[in-house]
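Note that the protein sequences, when read in sequence, are chains H and F. Quick note: to get the working numbering, add 2 to the position in the first sequence (first position is 1). Quick note: to get the working numbering, add 127 to the position in the second sequence (first position is 1). From the three backbone atoms N, C-alpha and C, an ideal C-beta is built for every residue, glycine too. First the structure, in the form of structure tokens, and then the observations on it.
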Amino acid sequence: MGTTLTAGELRKGLKLEIDGEPYLVVDFEFSKPGKGQALYRCRLRNMITGSQFDRTYRSGDKFTAADLEEQQMQFLYHDGKRYHFMNTSSYDQLELTEEQVGEAIHYLTENQMTDMLLFQGRPIGVSLPNFVNLKVTRADPWLKGDTAAGGTKPITLETGFVIQGPLFIEEGEVLKIDTRTGTYVERVK
Amino acid sequence: MGERELLAAKRAHLEFRARILQSTRTFFLEQGFIEVQTPLLTPELAPEPHIEPISAGDNGLLITSPELYMKRLVVAGYQRIFQISPVFRRGERGRLHHPEFTLLEWYRADADYHVLQDDCRKLLDWVCKAAGRWPGWRYQGQSLEIAGEWQTLSVRAAFRTFAGWDPVMEEDQTRFDTDLVEKVEPHLGFPRPCILQDYPKTQAALARLKPEDPSVAERFELYWAGIELANGFSELTDAREQRIRFEAARETRSTMGCPLYPLPETFLDSLAHLPPCAGIALGIDRLVMLLADAENLDQVVAFPPE
Chain H
3 MGTTLTAGEL RKGLKLEIDG EPYLVVDFEF SKPGKGQALY RCRLRNMITG SQFDRTYRSG
63 DKFTAADLEE QQMQFLYHDG KRYHFMNTSS YDQLELTEEQ VGEAIHYLTE NQMTDMLLFQ
123 GRPIGVSLPN FVNLKVTRAD PWLKGDTAAG GTKPITLETG FVIQGPLFIE EGEVLKIDTR
183 TGTYVERVK
Chain F
128 MGERELLAAK RAHLEFRARI LQSTRTFFLE QGFIEVQTPL LTPELAPEPH IEPISAGDNG
188 LLITSPELYM KRLVVAGYQR IFQISPVFRR GERGRLHHPE FTLLEWYRAD ADYHVLQDDC
248 RKLLDWVCKA AGRWPGWRYQ GQSLEIAGEW QTLSVRAAFR TFAGWDPVME EDQTRFDTDL
308 VEKVEPHLGF PRPCILQDYP KTQAALARLK PEDPSVAERF ELYWAGIELA NGFSELTDAR
368 EQRIRFEAAR ETRSTMGCPL YPLPETFLDS LAHLPPCAGI ALGIDRLVML LADAENLDQV
428 VAFPPE
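Rendered as structure tokens:
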């Protein structure tokens, strides 16, 4: 069980448990008629499904803080169906489905360290460092005079993820990728 | 940005604020008012169901409003007084709320809330002229005007129009507060200020009931651009009735689990001698914010609260 919070403690960025699911307060507004009751107007986002809704709370309303925990976990391998991770201090292992891993599947290589977000002990999200280095497994040779694609071409990374990158990139090179935007940053020597 | 740069960037707003304070003082002095100062630390406050004082420990409480002290001055024969004072309310923090803010409060003996409404018209006209905001200006993209007739709405009419029910007939405090914020206030005070008056008697606070219709109290609020600027009333001068209301407010606080404080006995004693009078409090920070076209209060005070 998370700690109990009062309406006065509501603010942007707070994480609450509502009907058994974790929610993030993405927007918050305090309003109060001079002599009347305070209203705490919140926009809440479900941290699992991403759906949002607005709700107004009043003084006296009580909440449970979402029982969230972040653990450093290393990605071990993908067995074709599931993604296996290990906590490097406790050696506990976890299996996640592709859906649970989400966007991070594009950037996961063996031994990659991740921040795993757990809600009541259950993994609900994997976050990666802002930048990862990935090897190019396919990059069609650059034909001189070929500027059709505006100076970029598709590049396949070792994870199977395809990005757009500069024409000079060749197979076997290592690239720095921004995991927040899924874009090429630079070549890594 | 470091603090020095932040404060330097606020200079235009702070100078503007100073001009508004200055012109406010001039306005009242020219009308024969005396500027007073009353304590910020007090042993007694008017119990309010939804206003939380901040304790100063052994030294008492920080005032949530200077009204009790100012009425004690009116009792002693000070006919026209005003004050610009910091006040303190626990837990209020938002775009339009600071736990410490500045109230302009004024009292007139032998006057009722209509006289105060007239004061408001003259004061805002005067201040807008001094601030270069006459006949109007733009606030956050909307045209606001000071020159011209103001709208006056009863609470009953406003709720019937914008919320679809009559709060004088139906008593529902929670629904009232929610609808006021979400359905009524957003319509009030465009482009000129609006007076919302005659509150249900259950929300009279320290106001007297209307002699010709005791289901409502002679209380009004001033709105501009959807923002509550001032709250005034024809003061209740009946000490017995005031004690009953204070006890009821204390009872409400008790059921909500709020801290309880002793009733303001010194004030209640003096109330027996209070002449007919009217008093009002206006939020200076909010007025400056509006006139300065600032989005929130933080921008118009040098050091916003954490």
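Sequence-distant residues of the same chain with beta carbon closer than 7 Å to residue i, five excluded per side
| i | result |
| --- | --- |
| VAL427 of chain F | HIS140, ARG144, ASP412, VAL415, MET416, ALA419 and ALA421 |
| THR379 of chain F | PRO176 |
| LYS34 of chain H | ALA40 and LEU41 |
| LEU223 of chain F | ILE354, ARG413 and LEU424 |
| THR99 of chain H | ARG84 |
| ASP142 of chain H | LYS155 |
| ARG260 of chain F | ILE273 and LEU418 |
| LEU16 of chain H | VAL27 |
Interface residues of chain B facing residue i [CB-CB closer than 8 Å]
| i | result |
| --- | --- |
| GLY129 of chain F | Looking for chain B here will not work: the only protein chains present are H and F. |
Proximity winner among the options, relative to residue i (alpha-carbon distances)
| i | options | result |
| --- | --- | --- |
| GLY218 of chain F | F:MET197, F:PHE228 and F:GLN210 | F:PHE228 |
| ALA284 of chain F | F:VAL311, F:ILE273 and F:ASP304 | F:VAL311 |
| ARG372 of chain F | F:PRO338, F:ALA408, F:GLY410 and F:GLN330 | F:GLN330 |
| ASP185 of chain F | F:THR191, F:GLU179, F:THR169 and F:CYS247 | F:THR169 |
| TYR186 of chain H | H:ASN135, H:GLY104 and H:GLY162 | H:ASN135 |
| PRO402 of chain F | F:ARG367, F:SER361 and F:PRO313 | F:SER361 |
| ILE273 of chain F | F:VAL282, F:LEU251 and F:GLN267 | F:LEU251 |
| VAL282 of chain F | F:VAL295, F:GLY275, F:GLU276 and F:SER270 | F:VAL295 |
| VAL103 of chain H | H:SER91, H:TYR93, H:LEU119 and H:SER92 | H:LEU119 |
| ARG57 of chain H | H:GLY184, H:PHE30, H:GLN74 and H:MET75 | H:PHE30 |
| PRO313 of chain F | F:ASP299, F:PRO432 and F:ALA290 | F:ALA290 |
| GLY36 of chain H | F:ARG146, F:LEU167 and F:ARG220 | F:ARG220 |
| GLY82 of chain H | H:GLU188, H:GLY174, H:GLY184 and H:THR161 | H:THR161 |
Same chain, Cβ closer than 6 Å to residue i, five either side skipped, listed in chain order
| i | result |
| --- | --- |
| GLN114 of chain H | PHE77 |
| GLN210 of chain F | VAL163, PRO193 and GLU232 |
| ASP117 of chain H | GLU72 and SER129 |
| LYS155 of chain H | LEU169 |
| GLU11 of chain H | none |
| VAL201 of chain F | TYR234, ALA236 and CYS404 |
| ALA357 of chain F | LEU349, ILE407 and LEU409 |
| ASP69 of chain H | GLY4 and GLN122 |
Contact belief for residue i with residue j at Cβ below 8 Å, rounded distance in angstroms
| i | j | result |
| --- | --- | --- |
| GLY4 of chain H | ALA106 of chain H | Contact doesn't hold; Cβ gap of about 25 Å is too wide. |
| PHE160 of chain F | ARG207 of chain F | 4 Å |
| LEU390 of chain F | SER381 of chain F | Going by Cβ atoms, the distance from LEU390 of chain F to SER381 of chain F rounds to 13 Å, so no, they are not a contact pair. |
| ILE50 of chain H | ILE157 of chain H | In fact, because the Cβ distance is near 32 Å, the residues do not count as touching under 8 Å. |
| ILE304 of chain F | GLY62 of chain H | The sequence given here has Asp at residue 304 of chain F, not Ile. In fact, because the Cβ distance is near 12 Å, the residues do not count as touching under 8 Å. |
| GLN369 of chain F | LEU323 of chain F | Rounded, the Cβ-Cβ distance is 23 Å, inconsistent with contact. |
| VAL190 of chain H | LYS178 of chain H | 5 Å |
| VAL254 of chain F | THR151 of chain F | 6 Å |
| LEU230 of chain F | VAL214 of chain F | 5 Å |
| LEU167 of chain F | ILE190 of chain F | 6 Å |
Within-8 Å CB hit, residue i to chain H
| i | result |
| --- | --- |
| HIS224 of chain F | yes |
| ARG220 of chain F | yes |
| THR191 of chain F | no |
| ALA332 of chain F | yes |
| MET197 of chain F | no |
| LEU307 of chain F | yes |
| ASP435 of chain F | Nothing in the structure corresponds to residue 435 of chain F, since chain F is present only between 128 and 433. |
| GLU297 of chain F | no |
| HIS140 of chain F | no |
| HIS177 of chain F | yes |
| LEU423 of chain F | In the sequence as displayed, the identity of residue 423 of chain F is Asn instead of Leu. Answer no: the Cβ-Cβ gap between ASN423 of chain F and chain H never drops below 8 Å. |
| THR301 of chain F | yes |
| MET416 of chain F | no |
| ASN358 of chain F | yes |
| GLU355 of chain F | yes |
Cβ neighbours of residue i in the same chain (closer than 8 Å, five flanking residues each side left out)
| i | result |
| --- | --- |
| GLN95 of chain H | LEU78, HIS86, PHE87, MET88 and ASN89 |
| ILE394 of chain F | The sequence shown places Phe at residue 394 of chain F, rather than the Ile named in the question. Counting only Cβ-Cβ distances below 8 Å, and skipping sequence neighbours, we find GLU171, ALA173, LEU195, LYS198 and ARG199. |
| GLN54 of chain H | VAL28, ARG45, LEU46, ARG47 and ASN48 |
Proximity test, Cβ basis, 8 Å: residue i and chain F
| i | result |
| --- | --- |
| PHE32 of chain H | yes |
| ALA220 of chain H | Because chain H here runs from 3 to 191, residue 220 of chain H falls outside it and cannot be looked at. |
| GLY10 of chain H | yes |
| GLY15 of chain H | no |
| PRO168 of chain H | no |
| THR58 of chain H | yes |
| LYS64 of chain H | no |
| GLY36 of chain H | yes |
(message) If we require 3 or more residues per run, which beta strand (DSSP E) segments fall completely within the region 245-278 of chain F?
(response) 263-266 and 269-272
(message) Threshold first: 3 residues or longer. Then list the beta strand (DSSP E) segments lying entirely within the region 193-227 of chain F, N to C.
(response) 207-215
(message) Extract the residue ranges of the alpha helix (DSSP H) inside the region 391-421 of chain F, only unbroken runs of 4 or more that lie entirely within it.
(response) 392-398 and 411-418
(request) At 4 residues or longer, and completely inside the region 333-393 of chain F: list those alpha helix (DSSP H) runs for me, N to C. (result) 366-383
(request) Return the chain-ordered ranges of every beta strand (DSSP E) run that is complete within the region 109-168 of chain H and spans a minimum of 3 residues. (result) 115-121, 124-129, 133-141, 154-159 and 164-168
(message) What ranges does the beta strand (DSSP E) occupy inside the region 29-104 of chain H, keeping only unbroken runs of at least 3 residues that lie completely in it?
(response) 41-48, 54-60, 64-67, 70-80, 85-89 and 95-98
(message) At 4 residues or longer, what runs of the alpha helix (DSSP H) sit wholly inside the region 128-184 of chain F?
(response) 130-136 and 138-157
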